[in-house]
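Here the structure comes first, spelled out in structure tokens, and everything after it is commentary.
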Amino acid sequence: MIHFGGFGLRTGNDAHAVEEGVPSSQPFTYFSLFHRGRKLNSNRKGRNILFFRVSARGYRLVEMANEAKPCPCDMGYMMEYGGVGQEVQIEHIKAYLVKPPSDSDKAIIIIQDIYGWQLPNTRYMADMLASNGYIAVCPDFYVGKEPWSPSQDWSTFQQWLEDKKPTNINKEVDAVLRFLKSQCGALRIGAVGFCWGGVATHYLALQYPEVRAGVSVYGIIREREDRYELKSPTLFIFGEKDDVIPLDQVSVLEKNLQEKCTGVDYHVKVFPGQTHGFVHRKREDINTTDQPCIQEARTDILNWLQKYM
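First residue of the sequence shown? That's 1 in full-length UniProt numbering, and the numbers climb one at a time after it.
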């Protein structure tokens, strides 16, 4: 059983979720959900799908309808999810920190998308990594500046981005690396980033060879001349129908990596039919047709990190 979001999700055939024992005329979702060996089952009929949240008071069920204008980049769903970690201060940065059930010397820096370090979806991914044996930290790389909001005017996006460049994060990365080594006992450190954070992860692969493995999820550097000269093994994940990073840009990336990236492993993977944000923004319980791709991409992340860390 692979663990997702701090939990293990399992059915009799080890699928991620399955409809079970209900007439097809009645929309219904059934989960076998495991946390620390305890099984929690829930079910409900109706238009809204049940979802689990962990808070300081424990487990509770929450219903969440399809958002009228989901994000990021108008794609996906915002989870209502509290997380199992805690907020900490790392020098000048706030961060979300979650540790695995048993001691580990492996740590992952999770890098936010444009909606910031407190986005529940990103914390869900941090918890997933922690439940698979990694110290997971999601720092506020905007250092207190307001993240993007789906209610903002997209015509102002470039202006908003001006002081939040994903390639201008060395001070924050250095602080997080010091924290992981000195306070968490991390000997092997990797990075996983989404959208804006995917670009930042690509940057770390160029600048920080001590970050032993990276996964850039729908994010690439476009402007640097050295953008194909990776210093650490990097997995790039894209969606076939991503309007933010169209396939021709993915092809250029792959072609130039083949020519210019020597001695360092990399892999470029495109998921058919998927859009920007599918790995961490699409809810697998609602998007049943997308569920295999969501699960496969998350498994790819875990396998890549395991291979190089």
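The beta carbon of each residue, even a glycine, is placed where N, CA and C say it ideally should be.
Point to revise | Proximity winner among Gln-159, His-280, Gly-83, Tyr-208, relative to Gly-239 (alpha-carbon distances) | key: Locating residue 239 in the sequence shown gives position 239, where the first residue counts as 1. The shortest Cα separation from Gly-239 among Gln-159, His-280, Gly-83, Tyr-208 belongs to His-280.
Practice item. Out of Ser-104, Lys-145, Pro-150, Gln-118, state which residue places its alpha-carbon closest to the alpha-carbon of Leu-129. Key: In the sequence shown, counting from the first residue as 1, residue 129 sits at position 129. Among Ser-104, Lys-145, Pro-150, Gln-118, the Cα nearest to that of Leu-129 is on Ser-104.
Check your understanding: Distance, Cα to Cα, Trp-148 vs Thr-289?
Key -> Your numbering for residue 148 matches position 148 in the sequence shown. Your numbering for residue 289 matches position 289 in the sequence shown. Their Cα atoms are separated by approximately 29 Å.
**Study point:** Complete beta strand (DSSP E) runs within the stretch 184–211 (minimum length 3 residues, chain order)
**Key:** 188–194
**Study point:** Beta-carbon proximity of Lys-99 to Ala-136, cut-off 9 Å
**Key:** As a working note, residue 99 is residue 99 in the sequence shown. As a working note, residue 136 is residue 136 in the sequence shown. Yes, they are a contact pair.
Check your understanding: Three or more beta-carbon pairs under 8 Å between the stretch 261–269 and the stretch 183–192, yes or no?
Key -> no
Practice item. Look up His-267 in the DSSP assignment and give the residues it is bridged to. Key: Within the sequence shown, residue 267 is the residue found at index 267, counting from 1. In DSSP, His-267 forms a bridge with Leu-235.
Check your understanding: Looking at C-alpha atoms only, which residue of Tyr-134, Asn-132, Tyr-142 is the closest neighbour of Leu-161?
Key -> Here residue 161 is taken as the residue at index 161 of the sequence shown, counted from 1. The shortest Cα separation from Leu-161 among Tyr-134, Asn-132, Tyr-142 belongs to Tyr-142.
Exercise for review: Alpha carbon to alpha carbon, how far is Cys-293 from Ile-169? Give it in angstroms, no decimals.
Suggested key: In the sequence shown, residue 169 corresponds to position 169, counting from 1. In the sequence shown, residue 293 corresponds to position 293, counting from 1. Straight across, the Cα-Cα distance linking Ile-169 with Cys-293 is about 31 Å.
Review point. Thinking C-beta only, is Ala-205 closer than 9 Å to Gly-219?
Key: Counted from its first residue, the sequence shown places residue 219 at position 219. Counted from its first residue, the sequence shown places residue 205 at position 205. Against a cut-off of 9 Å, the Cβ pair of Ala-205 and Gly-219 comes out as no contact.
Check your understanding: Do you know how far the Cα of Phe-236 is from the Cα of Gln-295?
Key -> For the purposes of this step, residue 295 is identified with residue 295 of the sequence shown, where counting begins at 1. For the purposes of this step, residue 236 is identified with residue 236 of the sequence shown, where counting begins at 1. So the alpha carbons of these two residues sit roughly 16 Å apart.
Review point. What does a CB cutoff of less than 8 Å around Ser-102 pick up in its chain, not counting 5 residues either side in sequence?
Key: In the sequence shown, the residue the question calls residue 102 occupies position 102. Hits under 8 Å: Gly-133.
Exercise for review: State the beta-bridge partners of Val-98 as determined by DSSP.
Suggested key: Here residue 98 is taken as the residue at index 98 of the sequence shown, counted from 1. Checking the DSSP bridge columns, you'll see Val-98 partnered with Ala-136.
Check your understanding: Which value, in whole angstroms, describes the spacing of the CA atoms of Val-264 and Lys-307?
Key -> In the sequence shown, counting from the first residue as 1, residue 264 sits at position 264. In the sequence shown, counting from the first residue as 1, residue 307 sits at position 307. Rounded to the nearest angstrom, the two C-alpha atoms are 13 Å apart.
Practice item. Please confirm whether any heavy atom of the ligand GDP lies closer than 8 Å to the CB of Lys-282. Key: Absence of the ligand GDP is noted for the structure shown, with no ligands found whatsoever.
Point to revise | For Arg-212 and Arg-188, believed in contact at Cβ under 8 Å, the rounded distance | key: For the purposes of this step, residue 188 is taken as the residue at position 188 of the sequence shown. For the purposes of this step, residue 212 is taken as the residue at position 212 of the sequence shown. In this structure Arg-188 touches Arg-212 by the C-beta definition: roughly 5 Å separates them, less than 8 Å.
Practice item. Determine the direct distance from the alpha carbon of Ser-251 to that of residue 398, and round the result to whole angstroms. Key: Residue 398 lies beyond the stretch modelled for the chain, which goes from 1 to 309, so this question has no answer here.
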